[in-house]
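Under this note's numbering, the first residue of the sequence shown is numbered 74, with each subsequent residue one higher.
The beta-carbon is built from N, C-alpha and C at its ideal position, and this holds for glycine as well.
Here the structure is a predicted model, which is why all the values come from computation and not from measurement.
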Amino acid sequence: MAIFKELNVLSTYEVAAEDEARPINPAKAREILATRKPEWLKIRPPSGENYTKIKGMLRERNLHTVCEEAHCPNVAECWAGGTATFMIGGDTCTRACRFCAIKTARRPPPLDPSEPAHVAESVATLGLKYVVLTSVDRDDMADGGANHFAETIRGIKRLNPKIIVEALVPDFQGDVNAIRTIVESGLDVYAHNVETTKRLQYRVRDPRAGYLQSLSTLRAAKNIAREMKVPLVTKTSIMLGLGETKPELLEAFADLREFDIDVLTLGQYLRPSMNHLPVDSFYTPEEYVALGEEAKTYGFLYVASGAMVRSSYKAGEFFIQGMIEKRRGEDSWN
74 MAIFKELNVL STYEVAAEDE ARPINPAKAR EILATRKPEW LKIRPPSGEN YTKIKGMLRE
134 RNLHTVCEEA HCPNVAECWA GGTATFMIGG DTCTRACRFC AIKTARRPPP LDPSEPAHVA
194 ESVATLGLKY VVLTSVDRDD MADGGANHFA ETIRGIKRLN PKIIVEALVP DFQGDVNAIR
254 TIVESGLDVY AHNVETTKRL QYRVRDPRAG YLQSLSTLRA AKNIAREMKV PLVTKTSIML
314 GLGETKPELL EAFADLREFD IDVLTLGQYL RPSMNHLPVD SFYTPEEYVA LGEEAKTYGF
374 LYVASGAMVR SSYKAGEFFI QGMIEKRRGE DSWN
C-alpha cells in the first residue's frame, strides 16, 4: 500500500507487480525494494582528481568522514567538488540505530587527542568557506564527547575566523551542559536529526534516542544562544520511506516549528544492507517538491527536499551561508 493515497509513492505492492506482473508476499517485496532503486536514485561511482586527493589526505591524517562511514550516496559529487563532512570522535558509535551503517560498540576506542588539530588543518587545506562536522554518539563518556567536538570547532575558527561551521551533533542524552559547550564553541549552525516521525522513533532509532529529547536538544541550543546574544541557526532532518504517513509528517513539521527549528531537510531513506530496516516506499522527485513546498508553509527559514538530500549534504548550504553572513553584518541574533 502506498504511503499517501493522494501521491504516487512507489509502494512495495507496485514494485512487486511491476517486477513479476502479480502481487507477491510483503517479505519478497521488501527484498526487491532493498536492491532495486528508481532511476532518479542511481548515482555514478566515486572518481576524479579531487576525490583521490581528499581520500589520500583523510588516510594520511587518520580522519573519518560520514560520507564513507554512512555510505552516503553523494560522496562522488561532494568529494569531486572538494568538500567533505568530517566525522569526529572516532568511527564507532555507542548506539545502534536500525537505519545507520556506522559500526557500533558499547565501549569504542579512546578519542584521538590529535584529531581536532588534524581536522582543522584539513579544513584549512581544502580552503572551505562552509564546513560540516558530525560525530558518532559517545555515551561512554561523561560529556558525550562535547568538549572534543568544541575543541575541533575552535581549532577550525582559529585558522579561519570567517568560516561557517555547521555541527551535526548527538543529543548528549539531553545534557544541557554538553549542549552549552557546543554553543559556546562559536559554531554557526547547530544541527541534530529527529530522523523520523514520532510514531516510528522506537522502530528506527536506538532506544536511548527519542523524539522529544531531540526536539528539546535543539530548543536548548537556541535558548542558550539567545542568552549569549549570538546568532545561531538550528537544523534537523527527516528520512522518508520508512512507513510514515502524511498526517504524521505534517505533525512533525508543526512540532519542529514549535521548538523553534529553522532549517529542515527531507531525503529518501536508502537501506545500507540487508541487516538494516527495509525501505517501505520510494518518493518521486515531484513528491519531494510537493512536500518541500508544504513544509515551507510552517515557517521554516529554509527547506531542502529531494531524494538525495542528506542532513550533512550541501542542501541549503549557500542559502544558510548567505543568511549567516548577512546577520554577521547586521550584528543580530535569533
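Are residue i and residue j closer than 7 Å when you measure CB to CB?
i    : j    : result
A293 : V249 : yes
P189 : G218 : no
V306 : V238 : no
S289 : S384 : no
R253 : I226 : no
T167 : D210 : yes
D279 : C170 : yes
G247 : Q286 : yes
A178 : P345 : no
G259 : S208 : no
R330 : Y375 : no
T338 : V382 : yes
K295 : D328 : no
K308 : A240 : no
E321 : R401 : no
Out of the options, state which residue places its alpha-carbon closest to the alpha-carbon of residue i.
i    : options                : result
G314 : L291, P351, F332       : P351
L206 : V277, V242, K235       : V242
T269 : I393, T177, T158, E324 : E324
S354 : P320, G316, T198, F373 : G316
R281 : G340, R299, D212       : D212
H191 : F159, M214, T165       : F159
G257 : L291, M301, K271       : Here residue 257 is Glu; the residue named in the question, Gly, does not match the sequence. Out of L291, M301, K271, M301 has the C-alpha closest to the C-alpha of E257.
A193 : A251, K369, E224       : E224
P183 : V196, G200, T165, S195 : T165
G129 : S195, F172, K176, F326 : S195
Which residues does DSSP list as the beta-bridge partners of residue i?
i    : result
Y284 : In the DSSP output, where bridge partners are listed per residue, Y284 has none listed.
I237 : Y203
F326 : Answer is none; F326 lacks a bridge partner.
G340 : M312
V262 : E239, V306
C170 : None; C170 has no bridge partner.
T177 : C166
E268 : I311
With a 10 Å radius around its C-beta and 16 neighbouring C-beta atoms as the bar for buried, classify residue i as buried or exposed.
i    : result
Y342 : buried
V267 : buried
V362 : exposed
S187 : exposed
T85  : Any reading at T85 must be qualified, since the residue scores a pLDDT of 39, below 50, and its modelled position is unreliable; the value itself is stated next. That one is buried.
R95  : Unreliable positioning characterises R95 in this predicted model, as indicated by a pLDDT of 48, which lies under 50. A coordinate reading is not provided.
G379 : buried
L232 : exposed
E360 : buried
T198 : exposed
T340 : The sequence shown places Gly at residue 340, rather than the Thr named in the question. That one is buried.
Of all the CB atoms in chain B, is at least one closer than 7 Å to the CB of residue i?
i    : result
N233 : Among the chains of the structure shown, chain B does not appear; only one protein chain is present.
Give the range of the alpha helix (DSSP H) segment to which residue i is assigned.
i    : result
Y361 : 358–369
G228 : 219–232
Q274 : 274–277
I449 : There is simply no residue 449 to check, as the chain begins at 74 and stops at 407 in what is shown.
A377 : Here A377 belongs to no alpha helix (DSSP H); instead the beta strand (DSSP E) covers 375–378.
N250 : 249–256
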